[in-house]
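K.L.:
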Amino acid sequence: MRRSNRSVILTSIYRHGPLSRYELGRETSLSAASVSNLVGELLDEGVVEEAGSVESDGGRPRVLLRVAPTFGYVVGAEVGETRVRVELFDLAMNVVATVVSPIETPKPAPELAVRSVLQGLDEVIAGAGVAKERVLGLGVAVAGVVEGPADAVVHAQTLGWDGVPLGAMLAAGTEIPIQVDNGANTLGQAEMWFGAGRGATDAVVALVGSGVGAALVTGGTSYRGTRSSAGEWGHTTIMYGGRQCRCGALGCLEAYVGAEAVLERYREAGGPSAATDDEEAEFVALLAAVGTSEVAAKVVEDTIGYLGAGFANLVNLVNPERIVLGGWAGLLLGERYLPQLREAVGRHALRRPYAQVAIELCELGSDAVARGAATLPVLRLLREGGVTRKLTTS
(Lines of atoms letter the chains of each structure in order from A; the text may use other names.)
(Lines give C-alpha, C1' and ligand atoms only; values in the text may rest on other atoms or scores of the structure.)
Protein backbone atom coordinates (compact mmCIF):
# COMPACT_ATOMS: atom_id res chain seq x y z
CA MET A 89 0.00 0.00 0.00
CA ARG A 90 2.82 2.38 0.87
CA ARG A 91 4.56 1.77 -2.46
CA SER A 92 1.24 2.24 -4.26
CA ASN A 93 0.72 5.59 -2.54
CA ARG A 94 4.29 6.63 -3.34
CA SER A 95 3.57 5.76 -6.96
CA VAL A 96 0.43 7.91 -6.97
CA ILE A 97 2.30 10.86 -5.44
CA LEU A 98 5.31 10.55 -7.74
CA THR A 99 3.19 10.12 -10.86
CA SER A 100 1.18 13.23 -10.02
CA ILE A 101 4.32 15.28 -9.49
CA TYR A 102 5.90 14.00 -12.69
CA ARG A 103 2.86 14.37 -14.93
CA HIS A 104 1.36 17.56 -13.52
CA GLY A 105 4.10 19.21 -11.48
CA PRO A 106 5.47 21.29 -10.07
CA LEU A 107 2.80 20.81 -7.39
CA SER A 108 2.49 21.84 -3.76
CA ARG A 109 1.67 19.38 -0.99
CA TYR A 110 -1.81 20.90 -0.79
CA GLU A 111 -2.37 20.32 -4.53
CA LEU A 112 -1.07 16.76 -4.22
CA GLY A 113 -3.59 16.02 -1.48
CA ARG A 114 -6.42 17.41 -3.57
CA GLU A 115 -5.34 15.52 -6.68
CA THR A 116 -4.59 12.15 -5.07
CA SER A 117 -7.27 12.17 -2.32
CA LEU A 118 -4.60 11.15 0.20
CA SER A 119 -4.64 12.71 3.65
CA ALA A 120 -2.39 15.69 4.40
CA ALA A 121 -0.40 13.53 6.83
CA SER A 122 0.15 10.80 4.21
CA VAL A 123 1.21 13.33 1.59
CA SER A 124 3.62 14.97 4.02
CA ASN A 125 5.21 11.67 5.08
CA LEU A 126 5.56 10.32 1.54
CA VAL A 127 6.90 13.57 0.14
CA GLY A 128 9.39 13.64 3.00
CA GLU A 129 10.66 10.19 2.02
CA LEU A 130 10.98 11.15 -1.64
CA LEU A 131 12.84 14.35 -0.73
CA ASP A 132 15.23 12.47 1.56
CA GLU A 133 15.95 9.93 -1.19
CA GLY A 134 16.58 12.66 -3.76
CA VAL A 135 13.81 11.52 -6.12
CA VAL A 136 11.90 14.77 -5.59
CA GLU A 137 13.21 18.28 -5.04
CA GLU A 138 11.77 21.70 -4.20
CA ALA A 139 11.11 23.97 -7.16
CA GLY A 140 10.24 27.38 -5.74
CA SER A 141 7.01 28.48 -4.13
CA VAL A 142 3.68 30.15 -4.87
CA GLU A 143 1.50 32.42 -2.76
CA SER A 144 -1.36 30.78 -0.89
CA ASP A 145 -4.70 32.22 0.16
CA GLY A 146 -3.73 34.10 3.29
CA GLY A 147 -1.15 31.62 4.59
CA ARG A 148 2.52 30.95 4.07
CA PRO A 149 3.75 30.45 0.49
CA ARG A 150 3.35 26.87 -0.71
CA VAL A 151 6.52 25.04 -1.66
CA LEU A 152 6.38 23.45 -5.11
CA LEU A 153 7.76 19.97 -5.78
CA ARG A 154 9.12 18.33 -8.91
CA VAL A 155 10.92 15.12 -9.80
CA ALA A 156 14.67 15.84 -9.58
CA PRO A 157 15.95 15.90 -13.18
CA THR A 158 19.36 14.46 -12.29
CA PHE A 159 18.18 11.74 -9.89
CA GLY A 160 18.82 9.40 -12.77
CA TYR A 161 18.93 9.18 -16.55
CA VAL A 162 17.02 7.20 -19.17
CA VAL A 163 17.89 6.18 -22.72
CA GLY A 164 15.52 5.88 -25.66
CA ALA A 165 16.37 4.14 -28.93
CA GLU A 166 14.45 4.14 -32.20
CA VAL A 167 15.23 1.27 -34.56
CA GLY A 168 14.04 2.65 -37.88
CA GLU A 169 14.40 1.32 -41.40
CA THR A 170 16.95 3.95 -42.40
CA ARG A 171 18.71 4.68 -39.10
CA VAL A 172 19.02 3.92 -35.40
CA ARG A 173 18.66 6.91 -33.08
CA VAL A 174 19.82 6.61 -29.46
CA GLU A 175 19.29 9.46 -26.99
CA LEU A 176 20.11 10.00 -23.33
CA PHE A 177 17.64 12.08 -21.29
CA ASP A 178 17.49 13.37 -17.75
CA LEU A 179 14.23 12.84 -15.84
CA ALA A 180 12.88 16.17 -17.07
CA MET A 181 13.25 14.61 -20.55
CA ASN A 182 15.90 17.09 -21.60
CA VAL A 183 18.18 15.60 -24.27
CA VAL A 184 21.68 15.14 -22.86
CA ALA A 185 23.35 13.23 -25.72
CA THR A 186 22.34 11.84 -29.14
CA VAL A 187 23.86 9.32 -31.56
CA VAL A 188 22.33 8.57 -34.97
CA SER A 189 23.64 5.60 -36.99
CA PRO A 190 22.54 5.09 -40.61
CA ILE A 191 21.35 1.65 -41.73
CA GLU A 192 22.39 0.63 -45.24
CA THR A 193 19.67 -1.98 -45.73
CA PRO A 194 15.89 -1.40 -45.48
CA LYS A 195 15.55 -4.75 -43.70
CA PRO A 196 18.28 -4.82 -41.05
CA ALA A 197 19.07 -8.17 -39.48
CA PRO A 198 18.21 -8.28 -35.77
CA GLU A 199 21.91 -8.67 -34.92
CA LEU A 200 22.70 -5.43 -36.78
CA ALA A 201 19.94 -3.56 -34.96
CA VAL A 202 21.11 -4.88 -31.58
CA ARG A 203 24.71 -3.94 -32.32
CA SER A 204 23.71 -0.41 -33.37
CA VAL A 205 21.56 0.12 -30.26
CA LEU A 206 24.19 -1.15 -27.82
CA GLN A 207 26.95 0.84 -29.49
CA GLY A 208 24.78 3.95 -29.37
CA LEU A 209 23.99 3.28 -25.71
CA ASP A 210 27.69 3.20 -24.82
CA GLU A 211 28.39 6.31 -26.89
CA VAL A 212 25.67 8.52 -25.36
CA ILE A 213 26.62 7.50 -21.83
CA ALA A 214 30.30 8.16 -22.48
CA GLY A 215 29.56 11.39 -24.33
CA ALA A 216 27.50 12.73 -21.45
CA GLY A 217 30.01 11.66 -18.82
CA VAL A 218 27.30 9.84 -16.87
CA ALA A 219 28.07 6.77 -14.75
CA LYS A 220 26.24 3.67 -16.05
CA GLU A 221 24.90 3.07 -12.55
CA ARG A 222 22.85 6.26 -12.88
CA VAL A 223 21.03 5.05 -16.01
CA LEU A 224 17.64 3.71 -14.91
CA GLY A 225 16.88 1.88 -18.11
CA LEU A 226 16.89 1.67 -21.89
CA GLY A 227 13.66 1.78 -23.87
CA VAL A 228 13.76 0.55 -27.46
CA ALA A 229 11.16 1.29 -30.14
CA VAL A 230 10.81 -1.05 -33.13
CA ALA A 231 8.38 -1.79 -35.94
CA GLY A 232 5.96 -4.67 -35.60
CA VAL A 233 4.20 -6.50 -32.79
CA VAL A 234 6.10 -6.70 -29.50
CA GLU A 235 5.14 -9.48 -27.10
CA GLY A 236 6.46 -9.06 -23.61
CA PRO A 237 7.50 -7.06 -21.79
CA ALA A 238 9.57 -9.74 -20.02
CA ASP A 239 10.70 -11.51 -23.21
CA ALA A 240 10.20 -8.66 -25.71
CA VAL A 241 9.72 -10.98 -28.68
CA VAL A 242 9.24 -9.03 -31.91
CA HIS A 243 7.15 -10.05 -34.92
CA ALA A 244 7.78 -7.60 -37.77
CA GLN A 245 6.70 -8.99 -41.13
CA THR A 246 7.86 -5.94 -43.07
CA LEU A 247 11.39 -6.40 -41.67
CA GLY A 248 11.39 -10.18 -42.03
CA TRP A 249 11.54 -10.62 -38.25
CA ASP A 250 9.53 -13.59 -37.00
CA GLY A 251 9.63 -14.21 -33.25
CA VAL A 252 12.92 -12.34 -32.70
CA PRO A 253 13.84 -12.36 -28.95
CA LEU A 254 15.02 -8.76 -29.14
CA GLY A 255 14.78 -8.09 -25.41
CA ALA A 256 16.99 -11.05 -24.57
CA MET A 257 19.47 -10.16 -27.32
CA LEU A 258 19.82 -6.62 -25.99
CA ALA A 259 19.99 -7.73 -22.36
CA ALA A 260 22.90 -10.03 -23.18
CA GLY A 261 24.98 -6.98 -24.05
CA THR A 262 24.33 -4.68 -21.10
CA GLU A 263 23.40 -4.71 -17.41
CA ILE A 264 21.07 -1.75 -17.89
CA PRO A 265 17.38 -2.84 -17.71
CA ILE A 266 15.76 -3.18 -21.14
CA GLN A 267 12.18 -2.56 -22.28
CA VAL A 268 10.94 -2.83 -25.87
CA ASP A 269 7.76 -1.51 -27.49
CA ASN A 270 6.27 -0.72 -30.87
CA GLY A 271 7.45 2.61 -32.30
CA ALA A 272 3.95 3.96 -32.88
CA ASN A 273 3.13 3.27 -29.23
CA THR A 274 6.21 5.12 -28.01
CA LEU A 275 5.45 8.05 -30.34
CA GLY A 276 1.96 8.11 -28.89
CA GLN A 277 3.30 8.01 -25.33
CA ALA A 278 5.60 10.97 -25.99
CA GLU A 279 2.95 13.09 -27.66
CA MET A 280 0.32 12.29 -25.02
CA TRP A 281 2.69 13.25 -22.20
CA PHE A 282 4.64 16.14 -23.66
CA GLY A 283 3.23 17.14 -27.03
CA ALA A 284 0.11 17.60 -29.13
CA GLY A 285 -1.88 14.93 -27.28
CA ARG A 286 -1.71 16.55 -23.84
CA GLY A 287 -5.15 16.96 -22.27
CA ALA A 288 -6.89 14.49 -24.59
CA THR A 289 -8.41 11.30 -23.21
CA ASP A 290 -9.45 9.73 -26.53
CA ALA A 291 -6.88 10.17 -29.25
CA VAL A 292 -5.00 8.54 -32.10
CA VAL A 293 -1.33 9.31 -32.69
CA ALA A 294 -0.42 8.24 -36.22
CA LEU A 295 3.11 7.42 -37.36
CA VAL A 296 3.81 7.74 -41.08
CA GLY A 297 7.39 6.96 -42.11
CA SER A 298 8.63 4.17 -44.31
CA GLY A 299 5.86 2.19 -42.64
CA VAL A 300 2.60 3.24 -41.03
CA GLY A 301 1.17 2.62 -37.55
CA ALA A 302 -0.88 4.26 -34.82
CA ALA A 303 -1.23 4.44 -31.06
CA LEU A 304 -4.84 4.26 -29.84
CA VAL A 305 -5.65 6.01 -26.57
CA THR A 306 -9.08 5.45 -25.02
CA GLY A 307 -10.09 6.91 -21.68
CA GLY A 308 -6.51 8.11 -21.21
CA THR A 309 -5.12 4.58 -21.54
CA SER A 310 -3.28 3.02 -24.46
CA TYR A 311 -5.36 0.29 -26.09
CA ARG A 312 -3.17 -2.68 -27.05
CA GLY A 313 -5.57 -5.53 -27.76
CA THR A 314 -5.30 -9.16 -26.69
CA ARG A 315 -1.62 -9.65 -27.60
CA SER A 316 -0.38 -6.06 -27.99
CA SER A 317 -0.92 -5.91 -31.75
CA ALA A 318 -3.63 -3.21 -31.72
CA GLY A 319 -2.65 -0.10 -33.65
CA GLU A 320 -1.52 -1.80 -36.88
CA TRP A 321 -3.54 0.80 -38.74
CA GLY A 322 -1.14 0.70 -41.67
CA HIS A 323 -2.30 -2.83 -42.42
CA THR A 324 -5.97 -2.06 -42.60
CA THR A 325 -7.33 -2.42 -46.14
CA ILE A 326 -7.83 0.85 -48.01
CA MET A 327 -8.45 -0.76 -51.42
CA TYR A 328 -9.78 -4.24 -52.08
CA GLY A 329 -7.39 -6.15 -54.35
CA GLY A 330 -5.05 -3.17 -54.43
CA ARG A 331 -1.30 -2.77 -54.37
CA GLN A 332 0.76 -5.41 -52.61
CA CYS A 333 1.99 -4.28 -49.22
CA ARG A 334 5.36 -5.20 -47.74
CA CYS A 335 3.46 -7.45 -45.32
CA GLY A 336 2.27 -9.55 -48.27
CA ALA A 337 -1.40 -8.52 -48.21
CA LEU A 338 -3.14 -6.49 -50.92
CA GLY A 339 -4.50 -2.97 -50.56
CA CYS A 340 -3.04 -2.02 -47.15
CA LEU A 341 -2.99 1.68 -46.27
CA GLU A 342 0.81 1.42 -45.92
CA ALA A 343 1.03 0.39 -49.58
CA TYR A 344 -0.34 3.83 -50.50
CA VAL A 345 0.92 6.30 -47.88
CA GLY A 346 4.12 4.76 -46.46
CA ALA A 347 7.14 6.68 -47.80
CA GLU A 348 8.60 3.66 -49.57
CA ALA A 349 5.30 2.98 -51.33
CA VAL A 350 4.77 6.65 -52.25
CA LEU A 351 8.20 6.80 -53.91
CA GLU A 352 7.47 3.54 -55.71
CA ARG A 353 4.19 4.96 -57.06
CA TYR A 354 6.07 8.08 -58.16
CA ARG A 355 8.62 6.07 -60.16
CA GLU A 356 5.89 3.90 -61.71
CA ALA A 357 4.06 7.06 -62.82
CA GLY A 358 7.14 8.33 -64.64
CA GLY A 359 9.05 10.05 -61.88
CA PRO A 360 12.86 9.84 -61.79
CA SER A 361 14.62 6.69 -60.64
CA ALA A 362 16.12 6.78 -57.16
CA ALA A 363 19.36 8.78 -57.27
CA THR A 364 20.32 7.86 -53.72
CA ASP A 365 19.62 5.28 -51.03
CA ASP A 366 18.44 8.11 -48.76
CA GLU A 367 14.68 7.61 -48.65
CA GLU A 368 14.05 10.83 -46.76
CA ALA A 369 16.02 12.88 -49.30
CA GLU A 370 14.03 11.27 -52.13
CA PHE A 371 10.76 12.07 -50.35
CA VAL A 372 11.78 15.71 -49.86
CA ALA A 373 12.70 15.90 -53.56
CA LEU A 374 9.28 14.54 -54.53
CA LEU A 375 7.53 17.21 -52.47
CA ALA A 376 9.79 19.90 -53.91
CA ALA A 377 8.84 18.80 -57.44
CA VAL A 378 5.11 19.31 -56.91
CA GLY A 379 5.18 22.86 -58.30
CA THR A 380 6.90 21.87 -61.54
CA SER A 381 5.86 18.27 -62.18
CA GLU A 382 2.31 17.10 -62.88
CA VAL A 383 3.38 13.56 -62.02
CA ALA A 384 4.70 14.62 -58.60
CA ALA A 385 1.62 16.76 -57.96
CA LYS A 386 -0.72 13.85 -58.77
CA VAL A 387 1.19 11.37 -56.59
CA VAL A 388 1.15 13.75 -53.61
CA GLU A 389 -2.53 14.63 -54.17
CA ASP A 390 -3.44 10.93 -54.19
CA THR A 391 -1.31 10.32 -51.09
CA ILE A 392 -3.17 13.02 -49.18
CA GLY A 393 -6.45 11.49 -50.37
CA TYR A 394 -5.50 7.99 -49.22
CA LEU A 395 -4.25 9.31 -45.88
CA GLY A 396 -7.44 11.31 -45.44
CA ALA A 397 -9.51 8.17 -46.08
CA GLY A 398 -7.38 6.30 -43.54
CA PHE A 399 -7.97 9.03 -40.96
CA ALA A 400 -11.70 9.01 -41.76
CA ASN A 401 -11.80 5.30 -40.95
CA LEU A 402 -10.32 6.11 -37.54
CA VAL A 403 -12.83 8.93 -37.03
CA ASN A 404 -15.76 6.65 -37.83
CA LEU A 405 -14.46 3.64 -35.92
CA VAL A 406 -12.80 5.15 -32.84
CA ASN A 407 -14.49 8.60 -32.53
CA PRO A 408 -11.34 10.27 -31.13
CA GLU A 409 -11.31 13.86 -29.92
CA ARG A 410 -7.87 14.31 -31.48
CA ILE A 411 -5.77 12.76 -34.25
CA VAL A 412 -2.08 13.64 -34.16
CA LEU A 413 0.04 13.06 -37.27
CA GLY A 414 3.72 12.23 -36.78
CA GLY A 415 6.57 10.21 -38.21
CA TRP A 416 9.13 11.82 -40.50
CA ALA A 417 7.06 11.42 -43.68
CA GLY A 418 3.85 12.38 -41.90
CA LEU A 419 5.42 15.62 -40.66
CA LEU A 420 6.80 16.45 -44.12
CA LEU A 421 3.32 15.99 -45.60
CA GLY A 422 1.48 17.66 -42.74
CA GLU A 423 3.65 20.76 -42.69
CA ARG A 424 2.70 21.41 -46.32
CA TYR A 425 -0.75 19.92 -46.71
CA LEU A 426 -2.55 19.83 -43.34
CA PRO A 427 -5.58 21.89 -44.55
CA GLN A 428 -5.98 19.60 -47.59
CA LEU A 429 -5.64 16.55 -45.37
CA ARG A 430 -8.39 17.81 -43.07
CA GLU A 431 -10.61 18.40 -46.10
CA ALA A 432 -9.92 14.86 -47.34
CA VAL A 433 -10.92 13.44 -43.96
CA GLY A 434 -14.13 15.42 -44.07
CA ARG A 435 -15.03 13.98 -47.47
CA HIS A 436 -14.90 10.42 -46.13
CA ALA A 437 -15.92 10.66 -42.45
CA LEU A 438 -19.38 10.86 -40.96
CA ARG A 439 -20.27 14.52 -40.34
CA ARG A 440 -20.89 14.40 -36.61
CA PRO A 441 -17.74 12.58 -35.45
CA TYR A 442 -15.71 14.60 -37.96
CA ALA A 443 -17.01 17.81 -36.39
CA GLN A 444 -15.81 16.55 -32.99
CA VAL A 445 -12.21 15.71 -33.94
CA ALA A 446 -9.15 17.97 -34.10
CA ILE A 447 -6.41 16.92 -36.54
CA GLU A 448 -2.99 18.24 -35.52
CA LEU A 449 0.71 17.66 -36.14
CA CYS A 450 3.09 16.10 -33.65
CA GLU A 451 4.95 18.74 -31.67
CA LEU A 452 8.07 16.85 -30.61
CA GLY A 453 9.80 16.53 -33.96
CA SER A 454 12.16 13.87 -35.24
CA ASP A 455 13.17 12.43 -31.87
CA ALA A 456 9.62 11.82 -30.63
CA VAL A 457 9.80 8.03 -31.06
CA ALA A 458 13.08 7.78 -29.12
CA ARG A 459 11.74 10.17 -26.47
CA GLY A 460 8.69 7.98 -26.09
CA ALA A 461 10.90 4.90 -25.80
CA ALA A 462 12.77 6.64 -22.97
CA THR A 463 9.49 7.01 -21.07
CA LEU A 464 9.34 3.21 -20.68
CA PRO A 465 11.91 3.18 -17.83
CA VAL A 466 10.32 6.39 -16.47
CA LEU A 467 6.98 4.57 -16.27
CA ARG A 468 8.63 1.78 -14.31
CA LEU A 469 10.16 4.32 -11.93
CA LEU A 470 6.73 5.88 -11.38
CA ARG A 471 5.01 2.52 -10.90
CA GLU A 472 7.60 1.53 -8.29
CA GLY A 473 7.23 4.82 -6.46
CA GLY A 474 10.84 5.84 -7.06
CA VAL A 475 12.28 2.57 -5.79
CA THR A 476 15.14 1.66 -8.13
CA ARG A 477 18.34 -0.28 -8.09
CA LYS A 478 20.89 1.58 -5.97
CA LEU A 479 22.34 4.64 -7.70
CA THR A 480 25.71 6.24 -7.08
CA THR A 481 25.80 9.94 -6.27
CA SER A 482 28.64 10.80 -8.67
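So for the sequence shown, the numbering used here puts the first residue at 89; every next one is plus one.
We treat Cβ as the ideally placed atom computed from N, Cα and C, and that holds for glycine.
What is the residue span of the beta strand (DSSP E) that N273 lies within?
P.N.:
Here N273 belongs to no beta strand (DSSP E); instead the alpha helix (DSSP H) covers G271 to F282.
K.L.:
Contact check, V300 vs G346 under 8 Å by CB: the rounded distance?
P.N.:
5 Å
K.L.:
Is the region 449 to 462 close to the region 263 to 278, with three or more CB pairs under 8 Å?
P.N.:
yes
K.L.:
Can you list, in chain order, the residues of its chain with a C-beta nearer than 7 Å to that of G134? Leave out the 5 residues immediately preceding and following it.
P.N.:
A156 and F159
K.L.:
On the DSSP letters alone, give me the boundaries of the beta strand (DSSP E) that T186 sits inside.
P.N.:
It spans V183 to P190 - the beta strand (DSSP E) in which T186 sits, taken as one unbroken run.
K.L.:
Would DSSP call R148 helix, strand or coil?
P.N.:
coil
K.L.:
Under 8 Å by Cβ, that's how I've got G236 and G248 pegged, so tell me the actual separation to the nearest angstrom.
P.N.:
The pair is not a contact, with the Cβ atoms about 20 Å apart (cut-off 8 Å).
K.L.:
Should the region 368 to 388 be called in touch with the region 417 to 426, which here means at least 3 C-beta pairs below 8 Å?
P.N.:
yes
K.L.:
Apart from the five residues just before and just after G308, which ones in its own chain have a Cβ nearer than 7 Å to its Cβ?
P.N.:
T289
K.L.:
Hey, quick one: how far does the beta strand (DSSP E) through L176 stretch, first residue to last?
P.N.:
R171 to D178
K.L.:
Just to confirm before moving on: does the CB-CB distance between L402 and V293 stay below 8 Å?
P.N.:
V293 sits away from L402, with the two beta carbons spaced by 8 Å or more.
K.L.:
What alpha helix (DSSP H) runs, 4 residues minimum, are completely inside the region 364 to 413?
P.N.:
367 to 376 and 382 to 406
K.L.:
Do G398 and L341 have their beta-carbon atoms positioned less than 8 Å apart in this structure?
P.N.:
yes
K.L.:
For L200 and A302, I'd like the C-alpha separation in whole angstroms.
P.N.:
26 Å
K.L.:
Count the other C-beta atoms from every protein chain shown that fall within 10 angstroms of the C-beta of N270, then say buried if there are 16 or more, exposed otherwise.
P.N.:
A residue is called buried once 16 or more other Cβ atoms fall within 10 Å of its Cβ, and N270 is buried on that count.
K.L.:
The beta strand (DSSP E) spanning T161 covers which residue range?
P.N.:
The question names Thr, but residue 161 in the sequence shown is Tyr. Looking at the DSSP string, the run of the beta strand (DSSP E) that includes Y161 is Y161 to V167.
K.L.:
Closer than 8 Å by C-beta to V483: which residues in its own chain qualify, once you throw out the five before and the five after it? Chain order, please.
P.N.:
This structure does not reach residue 483, given that the chain is present from 89 up to 482, and the question cannot be answered.
K.L.:
So, for L453: in the same chain, excluding its five sequence neighbours on each side, which residues have a beta-carbon less than 8 Å away from its beta-carbon?
P.N.:
The residue asked about is misnamed: residue 453 is Gly in this sequence, not Leu. If we look at G453 and ignore the five residues flanking it on each side, its Cβ neighbours are L419.
K.L.:
If I measure Cβ to Cβ from A362 and keep anything under 8 Å in the same chain, skipping five residues before and after, which residues do I get?
P.N.:
L351, R355 and E370
K.L.:
Flag this pair as yes or no: are the beta carbons of V412 and E448 separated by less than 8 Å?
P.N.:
yes
K.L.:
Identify, in the order they occur along the chain, each residue of the same chain with its Cβ nearer than 7 Å to the Cβ of I213, setting aside the five sequence neighbours on each side.
P.N.:
L176, K220 and V223
K.L.:
Sorted by chain position, which residues of the same chain lie with C-beta nearer than 6 Å to A349's C-beta, five sequence neighbours on each side aside?
P.N.:
Excluding positions up to five away in sequence, the list reads A343.
K.L.:
Report the option in P408, W416 and L179 whose CA atom is closest to the CA atom of R154.
P.N.:
Among P408, W416 and L179, the Cα nearest to that of R154 is on L179.
K.L.:
In chain order, what are the residue ranges of uninterrupted alpha helix (DSSP H) at least 4 long that sit wholly in the region 92 to 133?
P.N.:
Counting whole runs of 4 or more residues, the region 92 to 133 contains the alpha helix (DSSP H) stretches 109 to 116 and 120 to 133.
K.L.:
Return the bridge partner residues of E352 from the DSSP annotation.
P.N.:
DSSP lists no partner for E352.
K.L.:
Tell me which residue opens and which closes the beta strand (DSSP E) that I447 is part of.
P.N.:
First-last of the beta strand (DSSP E) with I447: A446 to L449.
K.L.:
Considering only C-alpha positions, which residue in the set G227, V174, T170 and G232 is nearest to T364?
P.N.:
T170
K.L.:
Run through DSSP, which three-state label would L464 get?
P.N.:
helix
K.L.:
Nearest by alpha-carbon distance to V151: which of E166, V127 and V167 is it?
P.N.:
V127
K.L.:
Please classify G474: is it buried, with 16 or more other beta-carbons within 10 angstroms of its beta-carbon, or exposed?
P.N.:
buried
K.L.:
Using a Cβ-Cβ cutoff of less than 6 Å, which residues in the same chain neighbour K478 once the five nearest sequence positions on both sides are dropped?
P.N.:
Because the pLDDT at K478 is just 42, under 50, the model does not fix this residue reliably, and the point stays unresolved.
K.L.:
Out of A456, G339 and N404, state which residue places its alpha-carbon closest to the alpha-carbon of A437.
P.N.:
N404
K.L.:
Using DSSP with H/G/I as helix, E/B as strand and the rest coil, what is D290?
P.N.:
coil
K.L.:
Just to confirm, is the Cβ distance from V252 to V268 under 8 Å?
P.N.:
no
K.L.:
Based on DSSP bridge pairs, tell me the residues matched to H243.
P.N.:
V233
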